[in-house]
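Protein chains in written order, with our numbering: chain A, 4 to 250; chain B, 149 to 238. A short write-up of the structure that comes next.
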């Protein structure tokens, strides 16, 4: 049930035919965890907060550095040295005080991931490294929670959505470890990719549209092209297939 | 038999800036060998060792994932091979 104030605040999205007050109510009752308060986490958190998700938990162990500010628009110059989640919570509360913002300054590991994400309706990948993404992916599969993947490099980015048990997961094309390197990026790339991830989360929670499942969307900002590739669920995947749990 | 290989942005330094290259072969592996014959710099960009793609290289055949055993997949005239580099940044 929406309050008069909520009906006013969300008036423009309630006007969307597929969305309506029912859709807004679904968002209000939803709980979403965003893993990372950086380049991707910034637009994701801003747009999900603006849309009126009931609870957003944002997890990041890091502190704001000056070199983050070209892309991590949750944070400003006055936040340098501050915990990213504290900076994020302050900005998000200022944007929409009706959304519960939980700020968790922890490193996501195999040991704590279940506790961090287990009570949520959606897990959003805003990480900056592949190993943690796989930790999240596995947990999402085990707990049957949809997983919204995004990644960027330079002017490029990619997005895919995982519905556990139904669609290809992030691990389905795994061939081995990828070296971790300092990656180049300009802020507009995670802005595009994070916005698409937030769109996917909203569509899933409201139950409308066609999700990016079994599809990888690749964005090339230099050419302004979107390419789509079909993905296949791997029956031998060690996260979602017959090899799961056999490590 | 002409097959088009689409080159990822980061690899175009090895293909004289070309976004796509026409190759010949009956399998993805043969097509990539022909690509490397034309542009030898692509070998290190794609392969960890003989017949072993780098872990961060993804191959799509006609816009569909060629995983697993990408190199063994059959191709036919006018097929499209996309070489894509996995991204990890956030």
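Think of the CB as a built atom: it goes at the ideal place given N, C-alpha and C, for glycine as much as any other residue.
Contact defined as beta carbons within less than 8 Å: I believe residue 3(A) pairs with residue 214(A). What is the distance between those atoms, to the nearest angstrom? No statement about residue 3(A) is possible, as the shown extent of chain A runs from 4 to 250 and does not include it.
So, at 7 Å on beta carbons, what are the nonlocal neighbours of residue 71(A) in its own chain, with the 5 sequence-adjacent residues on each side left out? 41, 78
Are the C-beta atoms of residue 73(A) and some chain B residue less than 9 Å apart? no
With distances taken between CB atoms, is the gap from residue 66(A) to residue 194(A) smaller than 9 Å? no
To the nearest angstrom, how far is it from the Cα of residue 216(B) to the Cα of residue 103(A)? 43 Å
Under 7 Å from the C-beta of residue 232(B): neighbouring residues of chain A: 221
Residue 68(A), buried or exposed, once every other Cβ within 10 Å from all chains shown has been counted against 16: Per the 10 Å Cβ criterion, exposed.
Taking residue 245(A) as the reference, give the member of 144(A), 124(A), 136(A), 61(A) with the closest Cα. 144(A)
Could you give the uninterrupted runs of the beta strand (DSSP E) lying entirely in the region 29-99 of chain A, keeping only those of 3 residues or more? 34-38, 58-62
For residue 109(A), does the three-state DSSP call read helix, strand or coil? coil
Of the choices 54(A), 92(A), 29(A), 13(A), whose alpha-carbon is the least far from that of residue 39(A)? 92(A)
Does the beta carbon of residue 230(A) come closer than 9 Å to any beta carbon on chain B? yes
Status (buried if at least 16 other CB within 10 Å, exposed otherwise) for residue 37(A): buried
Could one say the Cβ of residue 211(B) lies closer than 9 Å to chain A's Cβ atoms, at least one of them? It does; some Cβ of chain A falls within 9 Å.
Anything in the region 153-167 of chain A with a Cβ closer than 9 Å to a Cβ of chain B? List those residues in chain order, please. So the list reads 153, 154, 155, 156, 157, 158, 159, 160, 161, given in the order they occur along the chain.
Below 8 Å, how does it come out for the region 199-215 of chain B and the region 223-237 of chain A: are there three or more Cβ pairs, yes or no? yes
Taking Cβ-Cβ distances below 7 Å as the criterion, which residues of the region 151-169 of chain B are in contact with chain A? Here the close residues are 157.
List, in chain order, every chain A residue whose beta-carbon is nearer than 9 Å to that of residue 194(B). Those do not exist, as residue 194(B) stays about 13 Å from chain A at its closest Cβ, beyond 9 Å.
C-alpha gap between residue 185(B) and residue 166(B), whole angstroms: 15 Å
Kindly give me the distance between the Cβ atoms of residue 238(B) and residue 131(A), rounded to whole angstroms, as I take these residues to be in contact under 8 Å. 4 Å
Mind checking who residue 151(A) pairs with in its DSSP beta bridge? Partner(s): 127(A), 164(A).
Integer-rounded CB distance, given that residue 52(A) should sit under 8 Å from residue 95(A): 5 Å
As an exercise, report each continuous beta strand (DSSP E) stretch of at least 3 residues that is fully enclosed by the region 163-235 of chain B, in chain order. 168-172, 195-197, 205-209, 228-233
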